[in-house]
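Below: the structure, in structure tokens.
2 protein chains.
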Amino acid sequence: MTDPRQTPMAQALREAGYKLTQPRLAVLQVLEENDAGLDPEAIYDRGKLIYPSLGLVTVYRTLDLLAELGLVRRVHSMHNCHNYASARTDRHYLICESCHRVIEFPCRGLEELMESVRQQTGYTINAHLLELSGLCPECQKRLAT
Amino acid sequence: MTDPRQTPMAQALREAGYKLTQPRLAVLQVLEENDAGLDPEAIYDRGKLIYPSLGLVTVYRTLDLLAELGLVRRVHSMHNCHNYASARTDRHYLICESCHRVIEFPCRGLEELMESVRQQTGYTINAHLLELSGLCPECQKRLAT
DNA sequence: CAACGTATTGAAAAAATATTTCAATACGTT
DNA sequence: AACGTATTGAAATATTTTTTCAATACGTTG
Numbered sequence: 332m333t334d335p336r337q338t339p340m341a342q343a344l345r346e347a348g349y350k351l352t353q354p355r356l357a358v359l360q361v362l363e364e365n366d367a368g369l370d371p372e373a374i375y376d377r378g379k380l381i382y383p384s385l386g387l388v389t390v391y392r393t394l395d396l397l398a399e400l401g402l403v404r405r406v407h408s409m410h411n412c413h414n415y416a417s418a419r420t421d422r423h424y425l426i427c428e429s430c431h432r433v434i435e436f437p438c439r440g441l442e443e444l445m446e447s448v449r450q451q452t453g454y455t456i457n458a459h460l461l462e463l464s465g466l467c468p469e470c471q472k473r474l475a476t
Numbered sequence: 332m333t334d335p336r337q338t339p340m341a342q343a344l345r346e347a348g349y350k351l352t353q354p355r356l357a358v359l360q361v362l363e364e365n366d367a368g369l370d371p372e373a374i375y376d377r378g379k380l381i382y383p384s385l386g387l388v389t390v391y392r393t394l395d396l397l398a399e400l401g402l403v404r405r406v407h408s409m410h411n412c413h414n415y416a417s418a419r420t421d422r423h424y425l426i427c428e429s430c431h432r433v434i435e436f437p438c439r440g441l442e443e444l445m446e447s448v449r450q451q452t453g454y455t456i457n458a459h460l461l462e463l464s465g466l467c468p469e470c471q472k473r474l475a476t
């Protein structure tokens, strides 16, 4: 029951000088209620339940805006690369190959690896995306029968 | 100067029961000559230099086919998620945020991390995609001026 | 090595996805 | 409460991908 205008994403938008319009708040709410795995069309459908006159164009525009501010990020997978999730700089996803559910997991232990890549290639490294895919426990059971 | 019909990808296609047609061989050759980072349109353009009557549809179809056989895989990045590269199961990409060049790097040290995720989530893990982004040495220089 | 049956092809059409344009509207400031 | 401007949705446009289908090339068989 938190005020939609007080969420971190809403705050960040306001601080960046953008208006907190109803369409934008609807998109934000959808993103917050569904941590990962919605594509623009799905966000649009759910957003319309919150703000019925929402337009698909605005969903695209809002996602672009949020992506530019680093608040949202695409979740990629073999099957789909148009899903968005509320995002920090670095992301770690675990994707079920059967039901395509996406969850996040804590990620530790990449620092060393990145340091060695840095040394070997001369690249600076600003962000990373680690995506693991396999089967979730439910699908393992379901497919075991 | 290797026989295009003897490359590992061509062999795998043949073994899976598919015909080694000229259009397919052209697509394979393009993929082999450009290790990462071409989208279907770019593959089409280059493929036509090899086999001029190549159709874009065939590029899509061949990529689907190769992806299904696990021979090719999309390279995802913040800006683009339609690039294909010849692929093993596990991939590690390093992407320059400025020139969008994609290189691969050897990846060691993920095993531990994956084992801990496996234990914490109950997921099985079959594949991984690790994408690092930053600036390549050239762009670092260029932007430093 | 010629002829055959079928998988594969390219072009065109259709579908899906994304972007641009623009007049009308809602935001937040004053 | 009224104003100026950023933002909106609809329509038009552009881009990307998939489907359909008759024509063709593959690789097998005789």
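Just so you know, the sequences run in chain order V and H.
Quick note on numbering: the first sequence equals residues 332 to 476 in the working numbering.
Quick note on numbering: the second sequence equals residues 332 to 476 in the working numbering.
Cβ atoms here follow ideal geometry from the backbone N, Cα and C, with glycine treated the same way.
Is any beta-carbon of chain H found at less than 8 Å from that of Gly-401(V)? no
Could you please give me the residues that DSSP links to Leu-466(H) through a beta bridge? Leu-466(H) pairs with Thr-455(V).
Please classify Ser-384(H) as buried or exposed, where buried requires at least 16 other C-beta atoms within 10 Å of its C-beta. exposed
Compare the C-beta of Met-340(H) with all C-beta atoms of chain V and state if any pair is closer than 8 Å. Judged by the 8 Å Cβ criterion, Met-340(H) is not in contact with chain V.
Taking the alpha-carbon positions, what's the Val-433(V) to Leu-463(H) distance? 20 Å
Of the listed residues Thr-455(V), Leu-461(V), Arg-473(V) and Gln-471(V), nearest to Pro-468(H) (C-alpha basis): Thr-455(V)
Taking Ala-357(H) as the reference, which of Met-340(H), Ala-347(H) and Gly-348(H) has the closest Cα? Ranked by Cα distance from Ala-357(H), the first of Met-340(H), Ala-347(H) and Gly-348(H) is Met-340(H).
Mark Gln-451(H) as exposed unless 16 or more other C-beta atoms lie within 10 angstroms of its C-beta, in which case mark it buried. exposed
Please state the DSSP three-state secondary structure of Tyr-349(H). coil
Would Leu-400(H) pass as a contact of Ala-343(H) if the rule is Cβ separation under 8 Å? yes
Cβ-based neighbour list, Tyr-349(V), same chain, cut-off 8 Å, excluding 5 preceding and 5 following: Arg-355 and Leu-396
For Pro-335(H), report the span of its alpha helix (DSSP H) as first-last. Unbroken run through Pro-335(H): none, as it is neither H nor E.
Taking the alpha-carbon positions, what's the Ala-475(V) to Leu-466(V) distance? 11 Å
What do you get for Arg-377(V), buried or exposed, if any count of 16 or more other CB atoms within 10 angstroms of its CB means buried? buried
Can you find a C-beta in chain V that's less than 8 Å from the C-beta of Leu-396(H)? no
Please state whether DSSP places Tyr-424(V) in a helix, a strand or coil. strand
Give me the Cβ distance between His-423(V) and Glu-435(V), rounded to the nearest whole Å; I'm assuming they're in contact under 8 Å. 6 Å
Using only alpha-carbon positions, find the residue among Leu-369(H), Ala-458(H), Arg-336(H) and Gln-360(H) that is nearest to Leu-380(H). Nearest neighbour of Leu-380(H) by Cα position, chosen from Leu-369(H), Ala-458(H), Arg-336(H) and Gln-360(H), turns out to be Gln-360(H).
Can you name, in chain order, every residue of its own chain whose Cβ lies under 8 Å from the Cβ of Pro-335(V), other than the five neighbours on each side? Ala-341, Leu-356, Leu-359 and Gln-360
From Thr-393(V), Val-403(V), Ala-373(V) and Ala-458(V), residue whose alpha carbon lies closest to that of Gln-353(V): Thr-393(V)
Within the continuous alpha helix (DSSP H) that includes Tyr-391(V), where are the two ends? DSSP places Tyr-391(V) in the uninterrupted alpha helix (DSSP H) bounded by 387-399.
If I measure Cβ to Cβ from Val-390(H) and keep anything under 7 Å in the same chain, skipping five residues before and after, which residues do I get? Val-358, Pro-371, Ile-374, Tyr-375 and Gly-378
Establish whether the CB of Ile-456(V) and some CB of chain H are separated by less than 8 Å. Yes, its Cβ sits closer than 8 Å to a Cβ of chain H.
Name, please, each residue of chain V whose Cβ falls closer than 7 Å to the Cβ of Pro-371(H). Those within 7 Å of Pro-371(H) in chain V number zero; the least Cβ separation is about 13 Å.
Going by DSSP in three states, Leu-369(H) sits in which element: helix, strand or coil? strand
In DSSP terms, what Leu-461(V) is bridged to: His-423(V) and Leu-461(H)
Proximity to Cys-427(H) [Cα-Cα], best of Leu-351(H), Asn-365(H) and Cys-470(H): Distance from the Cα of Cys-427(H) is smallest, within the candidate group Leu-351(H), Asn-365(H) and Cys-470(H), for Cys-470(H).
Is it buried or exposed, Leu-362(H), if we count other Cβ atoms within 10 angstroms and call 16 or more buried? buried
Inter-residue spacing [alpha-carbon to alpha-carbon] between Leu-444(V) and Tyr-382(V): 45 Å
Below-8 Å beta-carbon distance, Gly-440(V) vs any chain H residue: yes
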